[in-house]
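Colleague:
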Amino acid sequence: MSSRKLRTEINVTPLIDILLVLLIIFMVIQPVAVRGLDALLPQPPKSPDHSDQSQAIVVQLLGDREHGVTYKINETLLGKREVEQKLTEIFATRRDKAMFIKGDADLDFSQIAEVIDYGHQAGVDNIGIITPRTTNPQ
558 MSSRKLRTEI
568 NVTPLIDILL
578 VLLIIFMVIQ
588 PVAVRGLDAL
598 LPQPPKSPDH
608 SDQSQAIVVQ
618 LLGDREHGVT
628 YKINETLLGK
638 REVEQKLTEI
648 FATRRDKAMF
658 IKGDADLDFS
668 QIAEVIDYGH
678 QAGVDNIGII
688 TPRTTNPQ
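The letter at position 31 of the sequence shown is residue 588 when you use the numbering used here, and the numbering goes up by one with no holes.
Written out as structure tokens, the structure is:
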């Protein structure tokens, strides 16, 4: 009787062949793959009249209780009677119905409340009050 030994080793030659074929396939596919994402970039406005629309309207009240109040709309000096008319004129054509009010600390709030009422009468939806930044909150 002849004794025959069994081979217990794995034949790796076909596995290496498959590995090399897969490597070649991935090397060919890689340059075709899309890199990056499509993005929609914001476009500038097409008409020049949008520059006036984007400017924020700031009404400033300067002065104190004793010396009277000076009114400014975006650095344009106005009298108290002209403020309501100017706000109505500005917000008649604007889509963004928002304005900001900045008042001196010495002013009575009733004077600021009058300007808020002028804004509501002009059709303003959002009114913000600009206050100085405090460094030490209490």
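Every residue, glycine too, gets a C-beta built ideally from N, C-alpha and C.
1) With respect to the beta strand (DSSP E) encompassing threonine 627, which residues constitute its N-terminal and C-terminal limits?
2) Helix, strand or coil, according to DSSP, for leucine 635 in the structure here?
3) Would leucine 618 and lysine 643 be called neighbours here (beta carbons separated by less than 9 angstroms)?
4) For threonine 627 versus glutamine 678, is the C-beta spacing smaller than 9 angstroms?
5) Could you compute how far the alpha carbon of valine 681 sits from the alpha carbon of isoleucine 630?
6) Looking only at C-alpha atoms, which of Gln587, Asp663 and Leu563 sits nearest to proline 689?
7) Can you tell me the Cα-Cα spacing of glycine 685 and glutamate 641, whole angstroms?
8) Determine the DSSP secondary structure at glycine 620, reduced to helix, strand or coil.
9) By how many angstroms is the C-alpha of leucine 572 removed from the C-alpha of phenylalanine 583?
10) Would you please state the rounded distance, in angstroms, between the beta carbons of valine 615 and phenylalanine 657? I believe it to be under 8 angstroms.
Modeller: Walking through what the data contain:
1) The count along the sequence shown starts at 1 and reaches residue 627 at position 70. 625 to 630 is the span of the beta strand (DSSP E), which, as asked, contains threonine 627.
2) Stepping through the sequence shown from its first residue, residue 635 is reached at position 78. Looking at leucine 635 - three-state DSSP - the assignment turns out to be strand.
3) To locate residue 618, count along the sequence shown from 1; it is residue 61. To locate residue 643, count along the sequence shown from 1; it is residue 86. Taking 9 angstroms as the Cβ cut-off, leucine 618 and lysine 643 do not qualify as a contacting pair.
4) In the sequence shown, the residue the question calls residue 627 occupies position 70. In the sequence shown, the residue the question calls residue 678 occupies position 121. Not a contact, by the Cβ cut-off of 9 angstroms.
5) Mapped onto the sequence shown, residue 681 falls at position 124. Mapped onto the sequence shown, residue 630 falls at position 73. Cα to Cα, valine 681 sits roughly 14 angstroms from isoleucine 630.
6) If you number the sequence shown from 1, residue 689 lands on position 132. Residue Asp663 is the option with its Cα nearest to proline 689.
7) Within the sequence shown, the letter at position 128 stands for residue 685. Within the sequence shown, the letter at position 84 stands for residue 641. When rounded, the distance between both Cα atoms is 17 angstroms.
8) Here the question's residue 620 lines up with position 63 in the sequence shown. Looking at glycine 620 - three-state DSSP - the assignment turns out to be strand.
9) The count along the sequence shown starts at 1 and reaches residue 583 at position 26. The count along the sequence shown starts at 1 and reaches residue 572 at position 15. Distance between the alpha carbons of phenylalanine 583 and leucine 572: 17 angstroms.
10) Here residue 615 corresponds to residue number 58 of the sequence shown, with the count starting at 1. Here residue 657 corresponds to residue number 100 of the sequence shown, with the count starting at 1. Rounded, the Cβ-Cβ distance is 5 angstroms, consistent with contact.
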